[in-house]
Amino acid sequence: MNKSLQKNICCIGAGYVGGPTMAVIASNCPELRINVVDINEDRIKAWNSEDFSKLPVFEPGLENIIKKQRGINLFFSNNIKECIAKADIIFISVNTPTKTKGVGAGYASDLKWIESSAREIAKYATNHTVVVEKSTLPVRTAETIKTILNSSEEEYKKNLDDKPKKTFSIVSNPEFLAEGTAIDDLQNPDRVLIGGDDEYSIDSISDIYRNWVEPSKIITTNLWSSELSKLVANAFLAQRISSINSISALCESTGANINEVAQAIGTDTRIGSKFLKPGPGFGGSCFKKDILNLVYLCKYYGLNEVGDYWEQVVKINDWQQQRISSLVIKNLFGTLSNKKLAVFGFSFKANTNDTRESPSINISKNLLQEGAELSFFDPKVSEKQILNDLEVKNYEGKVLVYDSALKAANRADAILVLTEWDDFLNLDWESIYKVMRKPAWIFDSRSFLNKKTLKLIGFNMWTLGAL
Ligand code: NAD
Ligand code: UGA
């Protein structure tokens, strides 16, 4: 099959990374034709939905780009074979979760979706194809991908000597977007990282980004530095959160205030002010899995002390969730049976509908196990998702999901705020107070509500990192 003159891109994986990233590339590069493919038919159907509220990923600004580009130079399809065959460049954006069984279970990344993507590419690609690692991967994964692709090259050469050669080069181009700000992060990245060992491929990927990213922000490295930098960036970010959360507990014991401490240390330009917000622990699909993967790699290379150092970041995160659950129980007289708690916020952070590894899941399960009845309100997470995440069959009749904060708070003994949605700052707290059982508690695990005003209304307040 001949590749056309217009450059063709294929992205394998139409998830939180593949969808938004390709949408932003499409909007900045009208000369590219981009096919985003997935094995999941429902996901592709949702990306192609005429009802834009049904797009599978909620991100501020995403809907507008999809409206403009879809069907112009951005296409979503299940036709993996054809889209691979036409592609000059293939981005692999498939999931890389933690292995649940076998060697490295609980730590190493499960690369089976990477391997199946590589095998599909090996089978269907034509002529020369640049294969781009967009997923987050253990350092030296490119070696595995190369082996799979090269074996197909060998086969091809053996069987079809007179045909044009099928060749590949591999580039690492990890993604640094954060959910909730994905479009802005993609449009104005701090940097774009491209690792590779051949100039032509690095250039062909740089060319794409140069359409809207300043050349000084495009960093090129060798393959292994690029792969490793992604894991290390996430580990450093998560480490800041565990650091501030560990100090939040000390503030509660001493009368210091965590927001004041964060401001005091964050104004030191060497420390910086970002990623110092205390909370119920980091969630999201990546921090935990990427650190555990880093721990696995360290131990694999015999660096046990280094592995132990990074594992502590995850341990503090688990401890913070446990600590918050215990504090709620303690303040509600040591028992939750016959008590109703309203949980405000279920997504792992504001401005996303993603609930993967959300601290709300573990904390809610802890409270359910203590006998509480829980009523949920989240501006973006569906009832189906909440019931699914909580494996609600185990807690028959104990979990209800509402479409308003007021309804969720009705007859509740306490409100537990777990996600920092702006909407929660502007709720009609007086009306909420009126419909609750007294004494009415608010547990502010994000330390962001106006404690003074809420206390004046009559609430008992517990605020993370403050007395
Ligand atoms: P996701 O689960 O939302 O999407 C992955 C998609 O790949 C799924 O729809 C799945 O069906 C599809 N898929 C798997 N195997 C396939 C195959 N062989 N052929 C076609 N489709 C296939 O995952 P995500 O959140 O988009 O993350 C993807 C990668 O990007 C991960 O490695 C993750 O660590 C990394 N990452 C994620 C984020 C984030 O914010 N979510 C940010 C940066 C990097
Ligand atoms: C994170 C990184 O920020 C991205 O750079 C990276 O690309 C991505 O992981 C990934 O590899 O998946 P994301 O998980 O989407 O992005 O969101 P973050 O804003 O980093 O938040 C992660 C978690 O940390 C959330 O639960 C958030 O509430 C929490 N957090 C964040 C805090 O508790 N305090 C903070 O100061 C910042």
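Residue numbers (the working numbering): 5 to 471.
Positions of the beta carbon are idealized from the N, C-alpha and C atoms, including for glycine.
Because the structure is a prediction, the values reported are computed rather than measured.
Cβ neighbours of ARG441 within its own chain (closer than 8 Å, five residues either side excluded): LYS344, ARG415, ALA416, ASP417. Nearest Cα to VAL310 within the set VAL318, VAL299, GLY375: VAL299. Assignment of alpha helix (DSSP H) within the segment 44-90, counting only whole runs of 4 or more residues, yields 45-51, 66-73, 84-90 in chain order. Ligand 2 approaches ILE245 closely enough that one of its heavy atoms is under 7 Å from the residue's Cβ. Between GLY287 and SER341 the beta-carbon gap is near 28 Å, outside 8 Å, which marks them as no contact. DSSP lists THR133 as the bridge partner or partners of PHE172. For VAL41, DSSP records a beta bridge to ILE16, SER81. For the segment 232-301, the continuous alpha helix (DSSP H) assignments of 4+ residues that do not extend past its boundaries occur at 262-270, in sequence order.
Annotation for THR224: no alpha helix (DSSP H) segment contains it, though the beta strand (DSSP E) segment containing it runs 222-225. Per the coordinates, the alpha-carbon of ASP312 lies some 43 Å from the alpha-carbon of LYS58.
Within the model, the alpha-carbon separation for SER176 versus ILE333 is close to 47 Å.
For the pair GLU35 and ASN12, the Cα-to-Cα distance works out to about 9 Å. The count of Cβ pairs closer than 8 Å, one atom from the segment 178-186 and one from the segment 136-144, reaches three, so the stretches are in contact. If you check the CB distance, PHE56 and ALA18 do not come in under 8 Å.
Taking the Cβ atoms as the reference, ILE436 lies roughly 6 Å from ALA409, within the contact range of under 8 Å.
A straight-line Cα-Cα distance of about 6 Å links THR171 and THR133. If you draw a straight line from the Cα of LEU391 to the Cα of LYS384, it is about 14 Å long. Rounded to whole angstroms, the Cβ separation of LEU422 and ILE367 is 6 Å, and the two are in contact under 8 Å. Closest option to GLU119, judged by alpha-carbon separation, among LYS319, ILE149, ILE93: ILE149.
Not one heavy atom of ligand 2 falls within 7 Å of the beta-carbon of GLU137.
Not one heavy atom of ligand 2 is found less than 7 Å from the C-beta of THR151. In the same chain as TYR20, and ignoring 5 residues on each side of it, the C-beta atoms closer than 7 Å to its own belong to VAL61, GLU183, ASP358, in chain order. Residue side-chain check: THR102 keeps its Cβ at 7 Å or more from all non-hydrogen atoms of ligand 2. According to the DSSP assignment, GLY199 belongs to the beta strand (DSSP E) that extends over 196-200. Measuring C-alpha to C-alpha distances from GLN326 to each of GLY106, ALA253, ALA354 identifies ALA253 as the nearest. A residue is called buried when at least 16 other Cβ atoms come within 10 angstroms of its Cβ; PRO282 meets this threshold and is buried.
Counting along the chain, the unbroken beta strand (DSSP E) around SER379 starts and ends at 377-381. Taking all protein chains in view, the Cβ of ASP272 is surrounded by fewer than 16 other Cβ atoms within 10 Å, so the residue is classified as exposed. Boundaries of the alpha helix (DSSP H) around THR457: 455-461.
With respect to ALA146, GLU203 sits apart: the two C-beta atoms are not nearer than 8 Å. The beta carbon of SER277 sits closer than 6 Å to the beta carbons of GLY270 from its chain, once the five residues preceding and following it are set aside; these are given in chain order. For LEU378, same chain residues with a beta-carbon under 7 Å away, outside a window of 5 residues either side, are LEU345, VAL347, SER368, LEU371, LEU372, LYS402, VAL403 in chain order. Within 10 angstroms of the beta-carbon of PRO363 lie 16 or more other beta-carbons, which makes it buried. Restricting attention to LEU394, GLY199, ARG450, LYS456, the CA atom closest to the CA of ILE223 is found in GLY199. Look at THR467 here: in three-state DSSP terms it is strand. The beta carbon of ILE93 sits closer than 6 Å to those of ILE13, VAL134, all from its chain and outside the five residues before and after it, given in chain order.
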